[in-house]
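Visitor:
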Amino acid sequence: MAAPMFHENVPHIQAKFYTSQQQLLIIFTVGRCQVSQMRDLLMYVPEASESQHVAFDFLVDGEFLRNSLQLHMESKGISTETVLNIEYVERHPAPEPEDSLVHDDWVAAVEAMQDYILTGCYDNTVRVWNSEGKLLITIPGHGAAVKCVAWIRNDEENPVKQFVTGSHDETALLWQWNQEKNSVDCVHSCHGHAGSVDCVAVDPSSTRFCSGSWDKMLKIWSAVSGVDDQDSEDVGEKPHKRKKTDGNKIPARVPLMTLSGHQEGISSALWLSDTEICTASWDHTIRIWDVEQGMHKSTLMGTKVYFDISLSPINNLLVAASADRHIRLYDPRTTDGAVVKVTFTSHTAWVSSIQWSTTHEHQFISGSYDGVMKLWDKRSAKAPLYDMQGHEEKILAVDWSVPQYMLSGGADNSLKIFKYTDKSVEGMH
Amino acid sequence: MWSKGKGKKRSLTQINDNSDEVDLFSKLTTKDKDDSDMEGGSSSDSTDSEESEYSGLEDEEDDSSEPESFEEMCDSGEEEGSDVVGTSDNDNEKMRNDVQKFKKNLANEKAKHDGENSVQMKVKKKAGSIKRKSGETVNGKEEAASTSTEVTVNVPDEYEYDSSDEEDLRNTVGNIPMEWYREYEHIGYNLEGKKIIKPPTGDELDNFLNKMDNPDYWRTVVDKTTGQKVVLSEKDCEIIKRFRQGKYIDSKFDPYEPWIDFFTYEKMQHPVTNRPADKRSFVPSKWERIKVSRMVHAIKMGWMKPQQEKRKEEDQPKFYMLWNNDEQVNIGLTISDITRKYRSHIPAPKLQLPGHEESYNPPPEYLLTEEEELAWKNKDPEDRRLNFLPKTYSSLRQVPGYNELIKERFERCLDLYLCPRKQKLRMNVDPEDLLPKLPKPKDLQPFPTTQSIVSTFIEQLSHSYGLKVYKGHDNIVRCISVESNGQWIVSGSDDQTLKFWEVATGRCMKTLPVGGVVKSVAWNPNSMLCLVAATVGNDVIIINPGLGDKLVLSNTDNLIESYVPTEAKDTAKVQWEKYSGEEEEKGFRLKITHFKAVGHVTWHGRGDYMAVVVPGGESKSVVIHQLSRRRSQNPFSKSKGLVQCVLFHPSRPFFFVATQRYVRVYNLLKQELTKKLLTNVKWVSSMAVHPGGDNLIIGSYDCRLSWFDLDLSTKPYQTLRHHKKAIRQVCYHKKYPLFASSSDDGTVIICHGRVYNDLLQNPLIVPVKVLRGHTIENSIGVLASEFHPTQPWIFSSGADHTIRLFT
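So the protein lines, in turn, are chains R and F.
According to the UniProt record's numbering, the first sequence is numbered sequentially starting from 1.
According to the UniProt record's numbering, the second sequence is numbered sequentially starting from 1.
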């Protein structure tokens, strides 16, 4: 197509457009055209080329174009003489607020699996919701506020689901929830921590989980429930009777391994692989532990208290939320050099929680004490893709385990669900 | 001698006789004529010049000193010399004219002239001897006598003809160009006033014949004044000849006679006296010996140092800086530095040189325009750039007198009078340089910079289970205390509650109503105990908040339960009481009731002892409680003042007691006063001790924060006055080199306070951050602040009912 004629007195550039999304591939060239009009021009292109309206985002040298091309080139110092390679991708649709699930107290932890949402609350209960926003069960079992929850994903077909919860009462509880009967059993009670259990993480094989605590310890427990548990006592054979009401009879479990090394409480933990755990702590470090050898492998030194870390299953990068406004991107495989690869800054208060997308290579969400959940693209450090507002108070936990739902729980006693449809992902899979 | 002189004179006169026609002589000096007049004996003996000459001779005679007379002789010699050269051409003629008149005196006259001439000749030859001289003087005497006789005879005639001493009296026209008489047949007038008729001049033929016939024609000249022809004598011709050849006129004069050196130029030395030399001149001096021996002794003892020999400067070529100005040259090499220091020359202030504006005809650009002139006139004289108005004149002549001259001279004199005599060494110091070099706050990170969590009075409603309220305080929050691990903090407020908060989320975990205003609250520093002490009214309440490790909680409860009453009597009037029932469920454990309202409470580092201030307790204003034994004691028997707060040393058995103006440090083991710190403030409000234990800060109500180095001095090492209002609390960070002060001006100021292990290095104190956020209510700002034990965070609470966390 011919380039439209524009005024002559503004800088002109040459640009080359390409895309990695095959279904959007359009072959066209744009001659020298006016920089300030470039964005407008680009908006016309799809309309002209396709009957269906598609919105685009543009990347210049792997960075999102957030303002006009001219400003971007000025800020980056790109000469107008060079031919600009602009990648275009289909614009992600905005997440839509779908539901708000009201709790009795602050929602401190949330995780979704399939159609079910597990939340931990400051009123000492764990709740299971379905994706329609219906409260399936409220489980009182902990003696203090529930700080963390995690599903154990083993068999999707099995109606009996398992999950782990950690609490201020220094225990982690292993639960079995029968989906069909909607009944819940506390399978094991994991005692051993001397401080509040602030994070739990289940390993990829779903046989173990680890828990990090304020007492600076990282403990690894067996996640295999019930009968085959060698440590359980005489009451081990009757799992259906182990109700939350008779907490004394819940079989206690001792940790498989205790890893010490952090100077302060552990705030977040995750499994890098079957044998490696990554933990973030209040002592300003992120440590990687070798589970098989039972020792700590490497340390990333930071300058702020870490609240949460998340690992992308696709690109194996680590993002960390810390006690300041910034989100930092790390590569856990490198230990030297400039540790922080990218700093994402847009929040105005502490970032409490963070989670990578499980399906999108570049995207992650973060929740902050400023009450805003943000959807980020790795390639856009200065501004997030979308701000999701709705919370009136601090956000304490976010979750994006299920690609369609972004969940955030906060200090306004509610869990917000945002529906997210990722067309590109759908198309690719 | 006489004969000789006479002979000479004669010959001279002869010459004169023949030299009438020579114009050369007429051109010679007028003096000659005068002399010749006198010589001619024309009664001119007593003319002034003659008189003076004689008197000079007479003086010479009187004077005994030789050189003077010699000079005189030289003088007169010169005169006479000229006389000799130009001896008057008409001696004989005069005589002829006046011979009858002066017949009587002729002989005397002649004698006189002879004497004179002889003297003159002698002197001129410079070979005159003293002997001759004496003869001459004798002659002079005679002469004087003769002249006196002559005067008596000739008095009436003297002035008749001798009115001028320069004229040739044969023709009275005077010294005029004779051409004036060319038209006339006479050539002038003689003394009688008769015309002197020009002698007849022959025509060409006569001249020619004359020339041919007259053998003396070549030496015949015409006297201009008389027109007579004069034939020059042989002598005259000789003189002229010698004269033309540049020789001495007198052929007998020998200029190269041997020089007799009467007065030698060489300096001669002669001993003044002929006395033999004294003994002391060759015997060494006794006194010198004593002096030298003293000096030697002093050098031996090291009191004096022998002067080092100065290097000879002659060896080194002397240079001087060509381009230095005068002062530098003067000072530079000759005067040593020390003398320069004391008498450095200050040149007088120089006047500014006049410029173009001062010119009488300045270039037009220097002339003021009318506006400028007006502005100049309106200005004060002191402010004017120029003290005059440049004006233009066509010539220097027209420049009027300068009426400011006197004033300006006076001012110049004043300037000179008042100009400095001494160089004042002014300290030219940049004030910035005097400030200590402090590191930038940026380099001292981490420290709290931003407000992160605010706990405010917000009611939160829950839906399903009715009302649950988690809120902040709704009154002044007086005190806060952080748990030793930093997971929880407790706050006490005027709303009569204690609240426990989770640090990470800012969640209020627990609210305990205590039934009174909480004055002070302190979390037990022992991490194995979970206890909070709070002062409410007369009581100190000890609470187990039930937060944290269960094991610790049960341990704590066990410790309290395990108390076994003993018989020991308490010195303090306090009562220990244990809570039970519902209150125990809530967490209340013990209550210590005092006889008066209690204020500040603080724990000992191990967590067993607790010190309480009873502000109105006089001598019992400090009470120390022991938790395990439930004992209390008054450590002090006497009141030292109004106790503000107390503190335990973090590691050693010291106890700090702050009264209004002093901080006393007691050794608890020895039970004695170790140190008394002079705070220099009006009213101490709070104090905090560095975790190392060697440094102490105090805050005061008069806005000052003082840092004491306990090893250094009892006076403040540094005093910071950053706050505008009273400081309410100061605190140290346990791990980071930070301290903070919270004030009624609503700010918390964070300072970097690094203490070095090296005792010689003073602590480094740098204010790094002012934290704002609290609002001032009833002129109360921030009441309490405390650092997080492990993170560079600070909690503060204030009159605006909030607790804030700055990170």
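A virtual CB, placed ideally from N, CA and C, is assigned to each residue, including glycine.
#1: Between Trp-129 of chain R and chain F, is the shortest Cβ-Cβ distance under 9 Å, so that the two count as touching?
#2: Note down, in chain order, each residue of its chain lying with its Cβ closer than 8 Å to the Cβ of Arg-182 of chain F, except the 5 sequence neighbours on either side.
#3: Taking DSSP's pairing of strands, which residues face Asn-667 of chain F in a bridge?
#4: Determine the contact status of Met-373 of chain R and Ser-366 of chain R, defining contact as a CB-CB distance below 9 Å.
#5: Starting from Leu-396 of chain R, find everything on chain F with Cβ-Cβ shorter than 8 Å and list it in chain order.
#6: Is it right to say Ile-290 of chain F is buried, meaning 16 or more other beta carbons lie within 10 angstroms of its own, or is it exposed?
#7: Does DSSP classify Pro-513 of chain F as helix, strand or coil?
#8: Could you check how far apart the C-beta atoms of residue 439 of chain R and His-188 of chain R are, in whole angstroms? I think they sit under 8 Å.
#9: For chain R, check one thing: does any of its Cβ atoms lie closer than 9 Å to the Cβ of Thr-450 of chain F?
#10: With a threshold of 8 Å, are at least 3 pairs of Cβ atoms found where one atom belongs to the segment 126 to 136 of chain R and the other to the segment 514 to 527 of chain F?
#11: Is there a Cβ from chain C that is less than 9 Å from the Cβ of Phe-58 of chain R?
#12: Measure the beta-carbon distance from Phe-344 of chain R to His-326 of chain R and round it to whole angstroms, keeping in mind my assumption that it falls under 8 Å.
#13: Under 9 Å, Cβ to Cβ, is there at least one residue of chain F near Ser-352 of chain R?
#14: Give me the chain F residues within the contact set of Thr-223 of chain R, using Cβ-Cβ distance strictly less than 8 Å, ordered along the chain.
#15: Could you list which residues in chain R have their beta carbon closer than 9 Å to that of Thr-807 of chain F, in chain order?
#16: Would Pro-446 of chain F pass as an interface residue toward chain R - the criterion being a Cβ-Cβ separation below 9 Å?
#17: Give the DSSP-derived three-state secondary structure of Leu-396 of chain R in the structure shown.
#18: Can you give me the C-alpha to C-alpha distance between Met-301 of chain R and Ala-94 of chain R, rounded to a whole angstrom?
#19: Could one say the Cβ of Lys-550 of chain F lies closer than 9 Å to chain R's Cβ atoms, at least one of them?
#20: Which stretch, first to last residue, makes up the alpha helix (DSSP H) that contains Tyr-360 of chain F?
#21: Does the segment 194 to 212 of chain R come into contact with the segment 540 to 553 of chain F, if we say contact requires no fewer than three beta-carbon pairs (one atom in each stretch) closer than 8 Å?
#22: Nearest to Gln-496 of chain F by alpha carbon, out of F:Val-503, F:His-473 and F:Ser-484?
#23: With C-beta atoms as the reference, is Ile-727 of chain F less than 9 Å away from Ser-685 of chain F?
#24: So, does the CB of Glu-459 of chain F fall closer than 9 Å to a CB anywhere in chain R?
#25: Compare the C-beta of Val-469 of chain F against all C-beta atoms of chain R and say whether one is closer than 9 Å.
#26: Are Ser-481 of chain F and Phe-806 of chain F closer than 9 Å when you measure CB to CB?
#27: 9 Å is my cut-off, CB to CB: does His-463 of chain F come that close to chain R?
#28: Does the beta-carbon distance from Thr-348 of chain R to Ser-322 of chain R come in below 9 Å?
#29: Let's see if you can read the secondary structure: which residues bound the alpha helix (DSSP H) around Arg-409 of chain F?
#30: What whole-angstrom Cβ distance do Ile-803 of chain F and Ser-491 of chain F have, given they're in contact under 8 Å?
#31: Based on the DSSP output, what are the partners of Leu-84 of chain R in its beta bridges?
#32: Under 8 Å, with one C-beta from each stretch per pair, do the segment 661 to 672 of chain F and the segment 681 to 697 of chain F reach the 3-pair mark?
#33: Taking 9 Å as the CB-CB limit, is Asn-428 of chain F close to chain R?
#34: Can at least three beta-carbon pairs, one atom from the segment 719 to 734 of chain F and one from the segment 419 to 426 of chain F, be found at a separation below 8 Å?
#35: Which of helix, strand or coil does DSSP assign to Met-427 of chain F?
#36: Take Glu-276 of chain R and list the residues in its own chain whose beta-carbon comes closer than 8 Å to its own, dropping the five residues that flank it on each side.
Guide: To lay it out plainly:
#1: Start at 1 with the first residue of the first sequence, and residue 129 of chain R comes out as number 129. It does not; no Cβ of chain F falls within 9 Å.
#2: As a first step, residue 182 of chain F must be located in the second sequence, where it is residue number 182. Excluding sequence neighbours, Arg-182 of chain F sits near nothing in its chain.
#3: The residue given as residue 667 of chain F occupies position 667 in the second sequence. Asn-667 of chain F pairs with F:Phe-654 and F:Glu-672.
#4: For the purposes of this step, residue 373 of chain R is taken as residue 373 along the first sequence, with counting starting at 1. For the purposes of this step, residue 366 of chain R is taken as residue 366 along the first sequence, with counting starting at 1. In this structure, Ser-366 of chain R lies closer than 9 Å to Met-373 of chain R by Cβ.
#5: Reading the first sequence from its first residue, position 396 is the one you call residue 396 of chain R. Those are Thr-505, listed as they occur along chain F.
#6: The sequence position of residue 290 of chain F within the second sequence is 290, counting from 1. Ile-290 of chain F is exposed by the Cβ-count criterion.
#7: Numbered from 1 along the second sequence, position 513 holds the residue referred to as residue 513 of chain F. In this structure, Pro-513 of chain F counts as strand in the three-state DSSP scheme.
#8: The structure shown does not extend to residue 439 of chain R, since chain R is modelled only from 1 through 429, so no value can be given for it.
#9: Taking the second sequence and counting its residues from 1, the one referred to as residue 450 of chain F is at position 450. So yes, Thr-450 of chain F belongs to the interface.
#10: no
#11: Among the protein chains of the structure shown, namely R and F, there is no chain C.
#12: Numbered from its first residue, the first sequence carries residue 344 of chain R at position 344. Numbered from its first residue, the first sequence carries residue 326 of chain R at position 326. Yes, Phe-344 of chain R and His-326 of chain R are in contact; Cβ-Cβ is about 7 Å, under 8 Å.
#13: The sequence position of residue 352 of chain R within the first sequence is 352, counting from 1. Closer than 9 Å to some Cβ of chain F, the Cβ of Ser-352 of chain R qualifies, so yes.
#14: Translated into positions along the first sequence, residue 223 of chain R becomes position 223. The residue you asked about is not Thr; residue 223 of chain R is Ala in the sequence shown. Result: empty, since nearest Cβ-Cβ is about 24 Å, beyond 8 Å.
#15: The residue given as residue 807 of chain F occupies position 807 in the second sequence. Per Cβ cutoff of 9 Å: Lys-304, Val-305, Ala-323, Asp-324 and Trp-350.
#16: Working through the second sequence from its first residue, we reach residue 446 of chain F at position 446. Closer than 9 Å: yes.
#17: Counted from its first residue, the first sequence places residue 396 of chain R at position 396. Correct three-state label for Leu-396 of chain R: strand.
#18: Counting from one through the first sequence, the residue named residue 301 of chain R turns up at place 301. Counting from one through the first sequence, the residue named residue 94 of chain R turns up at place 94. Rounded to whole angstroms, Met-301 of chain R to Ala-94 of chain R spans 35 Å at the Cα level.
#19: The sequence position of residue 550 of chain F within the second sequence is 550, counting from 1. By this cut-off, Lys-550 of chain F is an interface position.
#20: Counting from one through the second sequence, the residue named residue 360 of chain F turns up at place 360. Run containing Tyr-360 of chain F: none; DSSP gives neither H nor E here.
#21: yes
#22: Here the question's residue 496 of chain F lines up with position 496 in the second sequence. The option with the nearest alpha carbon to Gln-496 of chain F is F:His-473.
#23: The residue labelled residue 727 of chain F in the question sits at position 727 within the second sequence. The residue labelled residue 685 of chain F in the question sits at position 685 within the second sequence. Against a cut-off of 9 Å, the Cβ pair of Ser-685 of chain F and Ile-727 of chain F comes out as a contact.
#24: Indexing the second sequence from 1 puts residue 459 of chain F at position 459. For Glu-459 of chain F, the pLDDT reaches just 46, beneath the cut-off of 50, and the residue's location in the model is therefore unreliable, although a value from the coordinates is still provided. No, no contact with chain R.
#25: Here the question's residue 469 of chain F lines up with position 469 in the second sequence. Bear in mind that the predicted position of Val-469 of chain F carries a pLDDT of just 43, short of 50, making it unreliable; the figure below should be weighed with that in mind. Chain R, which has no Cβ nearer than 9 Å to the Cβ of Val-469 of chain F, makes this no.
#26: As a first step, residue 481 of chain F must be located in the second sequence, where it is residue number 481. As a first step, residue 806 of chain F must be located in the second sequence, where it is residue number 806. Result no, Cβ atoms of Ser-481 of chain F and Phe-806 of chain F do not sit closer than 9 Å.
#27: As a position in the second sequence, residue 463 of chain F is number 463, starting the count at 1. Legend: pLDDT at His-463 of chain F = 39, less than 50; position of this residue unreliable, value from coordinates given subsequently. Yes, His-463 of chain F counts as interfacial toward chain R.
#28: Start at 1 with the first residue of the first sequence, and residue 348 of chain R comes out as number 348. Start at 1 with the first residue of the first sequence, and residue 322 of chain R comes out as number 322. Going by C-beta atoms, Thr-348 of chain R is not nearer than 9 Å to Ser-322 of chain R.
#29: Taking the second sequence and counting its residues from 1, the one referred to as residue 409 of chain F is at position 409. 405 to 418 is the extent of the alpha helix (DSSP H) around Arg-409 of chain F.
#30: Residue 803 of chain F sits at position 803 when you count from the first residue of the second sequence. Residue 491 of chain F sits at position 491 when you count from the first residue of the second sequence. Between Ser-491 of chain F and Ile-803 of chain F the Cβ distance is about 5 Å, and since that is below 8 Å, they are a contact.
#31: The residue you call residue 84 of chain R lines up with position 84 of the first sequence. Note: Leu-84 of chain R sits in a beta bridge opposite R:Ala-15.
#32: yes
#33: If you number the second sequence from 1, residue 428 of chain F lands on position 428. Output row for Asn-428 of chain F: interface = no.
#34: no
#35: By one-based count along the second sequence, residue 427 of chain F stands at place 427. In the structure shown, Met-427 of chain F sits in coil (DSSP, three-state: anything other than H, G, I, E or B).
#36: Against the first sequence, residue 276 of chain R aligns to sequence position 276. Contacts found: Ile-288, Trp-289, Asp-290, Val-291 and Lys-297.
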